[in-house]
């Protein structure tokens, strides 16, 4: 009976993953994260010899599962687990397998909103100036940092950037983001300048391996860079200048958005450039520096 039950769960999970990929257009990483939440529930039911099927599992069972799990994970992870399970059961409702969501009345723990670390303009300049241009990879690394900061890219978007994605005459690059969604992001002259230097002086002299002819940023062997390599580049530069902040390639993206907002760019424009599906994701940057809000009130309110 338990084997049959487990098979039902695995089939439901398989169908759910297909739904996330086809209907929601989520990336593999996102699908894996959602699946992991359901896997934890399946494992719990198996360990407790439960024969409950996805279509009839109750709120009480979910509450007990969350209670047991909360003993070993923090509030943020617990909130993420509840959100993932809620999405799974919403899918079952969407497919008419269930009439209600067993997590409907289960509240996520209250957690403080974690604000991303950012770099000042001076720190950005210090990091870029610390690149050793006497080495061939120096020009590449400078172009990488300029692109991360100048265009606000995710590291996955950067390493997948293609020569055919560069529309310098029009002042844009084409970026493929989460769920293979594409957007056009403006690129400033200085970023174009350093990409062109890298292309002409370094990339054109590499022996490029088959399949990587259109990839912009390559390693010394003519292959695509990895995410880990970009993390290593930023970490080593931070150590070189004695930066006390803990940074990653994503820090440049956060800094891009924060500096735009501080200089009075509107949230909708920042949302489009970052490729956020919802503007509520972009709104986190409002919490980083509220001084621009006071300026906006004084400048635009009729009672100023």
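In full-length UniProt numbering, the protein residues as written are 1 to 304. The beta-carbon is built from N, C-alpha and C at its ideal position, and this holds for glycine as well.
- In this structure the stretch 147-159 touches the stretch 254-265; the number of beta carbon pairs closer than 8 angstroms is three or more.
- When DSSP assignments are scanned along the stretch 22-75, no uninterrupted stretch of beta strand (DSSP E) that is 3 or more residues long falls wholly within it.
- Collapsing the DSSP output to three states places residue 192 in a helix.
- If you keep only unbroken beta strand (DSSP E) runs of at least 3 residues inside the stretch 114-151, you get nothing at all.
- Around the beta carbon of residue 225, a 10 Å sphere encloses 16 or more other beta carbons of the protein chains shown; the residue is thus reported as buried.
- The stretch 174-186 makes no contact with the stretch 231-249; the number of CB pairs closer than 8 angstroms stays below 3.
- DSSP places residue 173 within a strand segment (E or B) once states are collapsed to three.
- Distance from residue 81 to residue 37 at the Cβ level is roughly 5 angstroms; contact confirmed, criterion being Cβ atoms closer than 8 angstroms.
- In the three-state reduction of the DSSP assignment, residue 268 falls in the helix class, which pools H, G and I.
- For the stretch 193-235, there is no continuous beta strand (DSSP E) assignment of 3+ residues that stays within its boundaries.
- Counting the other Cβ atoms within 10 Å of the Cβ of residue 205 gives fewer than 16, which makes it exposed.
- In this structure, residue 159 and residue 217 form a Cβ contact; the two beta carbons are roughly 6 angstroms apart against a cut-off of 8 angstroms.
- Using a Cβ distance threshold of 7 angstroms, residue 35 and residue 17 count as a contacting pair.
- Residue 40 and residue 13 have their alpha carbons spaced roughly 12 angstroms apart.
- Residue nearest to residue 44 within the set 191, 143, 64 is 64 (criterion: CA-CA distance).
- Each residue's CA atom was taken as its position, placing residue 19 and residue 94 some 11 angstroms apart.
- For residue 249, the enclosing alpha helix (DSSP H) has its first and last residue at 249-262.
- Measuring C-alpha to C-alpha distances from residue 223 to each of 57, 88, 96, 209 identifies 209 as the nearest.
- The continuous beta strand (DSSP E) containing residue 183 extends over residues 182-186.
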